[in-house]
Amino acid sequence: MFTIHGLTKQYQTRTALHPTDLAFKAGQFSVLLGPSGAGKSTLLHCLNQLTVPTGGTVEVEDLGIVDTAAKRHALRCMTGFVFQQHQLILRQTALANVLNGRLGCTPLWRSLLPWSRKDVTEALGCLERVGLLDFALIRAGRLSGGQQQRVGIARALAQNPRIILADEPVASLDPTKSEEILDLLLNICREDGICTVVSLHQVELARKFADRVIALKDGRVVFDAPPCELSESALDEIYSSGVDVSSRPKEETGEDVLAVLEAKAA
Ligand SMILES: Nc1ncnc2c1ncn2[C@@H]1O[C@H](COP(=O)(O)OP(=O)(O)OP(=O)(O)O)[C@@H](O)[C@H]1O
Ligand SMILES: [Mg+2]
Numbered sequence: 188m189f190t191i192h193g194l195t196k197q198y199q200t201r202t203a204l205h206p207t208d209l210a211f212k213a214g215q216f217s218v219l220l221g222p223s224g225a226g227k228s229t230l231l232h233c234l235n236q237l238t239v240p241t242g243g244t245v246e247v248e249d250l251g252i253v254d255t256a257a258k259r260h261a262l263r264c265m266t267g268f269v270f271q272q273h274q275l276i277l278r279q280t281a282l283a284n285v286l287n288g289r290l291g292c293t294p295l296w297r298s299l300l301p302w303s304r305k306d307v308t309e310a311l312g313c314l315e316r317v318g319l320l321d322f323a324l325i326r327a328g329r330l331s332g333g334q335q336q337r338v339g340i341a342r343a344l345a346q347n348p349r350i351i352l353a354d355e356p357v358a359s360l361d362p363t364k365s366e367e368i369l370d371l372l373l374n375i376c377r378e379d380g381i382c383t384v385v386s387l388h389q390v391e392l393a394r395k396f397a398d399r400v401i402a403l404k405d406g407r408v409v410f411d412a413p414p415c416e417l418s419e420s421a422l423d424e425i426y427s428s429g430v431d432v433s434s435r436p437k438e439e440t441g442e443d444v445l446a447v448l449e450a451k452a453a
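Adding 187 to a residue's 1-based position in the sequence shown gives its number in the working numbering.
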């Protein structure tokens, strides 16, 4: 479905993602694990170019290497992104939020017109799929956290995505709601053959839902296997703090932060 070759992201002197090669298949449910700061969000954002990678390529079936603005736009249109904090417009209804999912891929002239009956019917279908048809006309701000995340998923579905990327979609939910949301994402992945990549902090949820676990540490892939291979020793390796102080980026010392500030001011 899509492949990354040598994908890397550098922030000033900090390497958030070292050159990374991965291939993702349609209908596969991959979970990204790793400690805070490991590079999970960076990888997800580079995958659909919400963040422009510093180096490397993303290659997508039927699109080829994403190396032009038009292809980047096409990649974003085929990728539904589910955010931790939902990123909904709270004063709009659930339905309006789902319709917003179609805006990015609608020509500007068309987006100035009222939504067509077909668009609205399809958006209602997306809400029905996440179990929220009854809440279509309720303002998003009135919904619970779990319901808001369902609207976020319906908004991603409204794009008719071939890829779904979800960055900690259950971070602010209780254990039962977390399982419900992952169950929903897994069902969508299976039924629609959508390539799905989800970052999580809960190892037990990765074990329960993932086809494949990819663990990052210090911006590098340190584990890539089915969840049954996620042994205690593998987890120790993933989550141990192996940061070598001497290899930290140099602006992490006070003197060098000052040097960066002075260089910017100059
Ligand atoms: N815009 C930015 N500018 C500078 N450094 C950044 C930026 N975004 C991320 N980083 C750095 O890149 C590294 C990876 O961050 P990232 O957010 O990808 O980690 P993460 O694995 O998603 O962490 P978490 O589990 O806490 O969400 C971190 O060291 C972070 O400080
Ligand atoms: Mg993150």
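Note that the Cβ used here is the ideal one computed from N, Cα and C, for glycine as well.
Start and end of the alpha helix (DSSP H) containing residue i?
{"i": "D379", "result": "362-379"}
{"i": "D423", "result": "419-426"}
{"i": "D306", "result": "304-316"}
{"i": "A261", "result": "256-264"}
In whole angstroms, what is the alpha-carbon distance linking residue i and residue j?
{"i": "H260", "j": "V400", "result": "28 Å"}
{"i": "D431", "j": "L220", "result": "Low local confidence applies: a pLDDT of 47 at D431 is under 50, so the model's placement there is unreliable, with the coordinate-based value given in what follows. The straight-line gap from Cα to Cα measures roughly 21 Å."}
{"i": "P348", "j": "L417", "result": "30 Å"}
{"i": "P206", "j": "W302", "result": "43 Å"}
{"i": "D361", "j": "Q336", "result": "12 Å"}
{"i": "A283", "j": "S428", "result": "44 Å"}
{"i": "S331", "j": "H273", "result": "11 Å"}
{"i": "F211", "j": "G380", "result": "12 Å"}
{"i": "I191", "j": "A402", "result": "16 Å"}
{"i": "G306", "j": "A343", "result": "Correcting the residue type first, residue 306 is Asp in the shown sequence and not Gly. Roughly 14 Å between the two C-alpha positions."}
Kindly examine ligand 1 and report whether one of its heavy atoms sits closer than 7 Å to the Cβ of residue i.
{"i": "S223", "result": "yes"}
{"i": "R201", "result": "yes"}
{"i": "Y426", "result": "no"}
Looking at C-alpha atoms only, which residue of the options is the closest neighbour of residue i?
{"i": "L231", "options": "K305, T363, D208, V385", "result": "V385"}
{"i": "L371", "options": "F216, G224, T207, H192", "result": "F216"}
{"i": "T202", "options": "F189, V253, A213, T229", "result": "T229"}
{"i": "T200", "options": "A453, V444, A452", "result": "V444"}
{"i": "L277", "options": "L324, G251, N235", "result": "L324"}
{"i": "A213", "options": "K258, K404, I350", "result": "I350"}
{"i": "V338", "options": "T190, D405, A310", "result": "A310"}
{"i": "L237", "options": "S223, C264, G251, P222", "result": "C264"}
{"i": "L262", "options": "G251, T241, R394", "result": "G251"}
{"i": "V408", "options": "D423, Q197, K227, V307", "result": "K227"}
{"i": "K395", "options": "P413, A402, G406", "result": "P413"}
{"i": "G193", "options": "L319, V218, T244, T363", "result": "T244"}
{"i": "V390", "options": "I425, G333, L320, R304", "result": "I425"}
{"i": "G224", "options": "A452, V218, H388, A397", "result": "H388"}
{"i": "D423", "options": "P222, T280, E355", "result": "P222"}
Quick one: does the C-beta of residue i sit closer than 7 Å to a heavy atom of ligand 2?
{"i": "K227", "result": "yes"}
{"i": "E355", "result": "yes"}
{"i": "S386", "result": "yes"}
Hey, residue i and residue j are a contact pair by Cβ (cut 8 Å); roughly how many whole angstroms apart?
{"i": "Q346", "j": "C292", "result": "6 Å"}
{"i": "L352", "j": "L234", "result": "6 Å"}
{"i": "L369", "j": "L392", "result": "6 Å"}
{"i": "Q271", "j": "S359", "result": "7 Å"}
{"i": "V239", "j": "V247", "result": "About 16 Å separates the two Cβ atoms, so there is no contact after all."}
{"i": "V285", "j": "L314", "result": "6 Å"}
In the DSSP assignment, find the unbroken beta strand (DSSP E) run with residue i in it and report its ends.
{"i": "Q197", "result": "189-198"}
{"i": "V390", "result": "Taken as a continuous stretch (DSSP letters only), V390 belongs to no beta strand (DSSP E), being part of the alpha helix (DSSP H) at 390-396."}
{"i": "G243", "result": "242-247"}
{"i": "I165", "result": "In the structure as shown, the chain starts at 188 and stops at 453, and residue 165 therefore has no counterpart that could be examined."}
{"i": "A203", "result": "201-211"}
{"i": "C382", "result": "382-386"}
{"i": "S217", "result": "216-220"}
{"i": "I401", "result": "399-404"}
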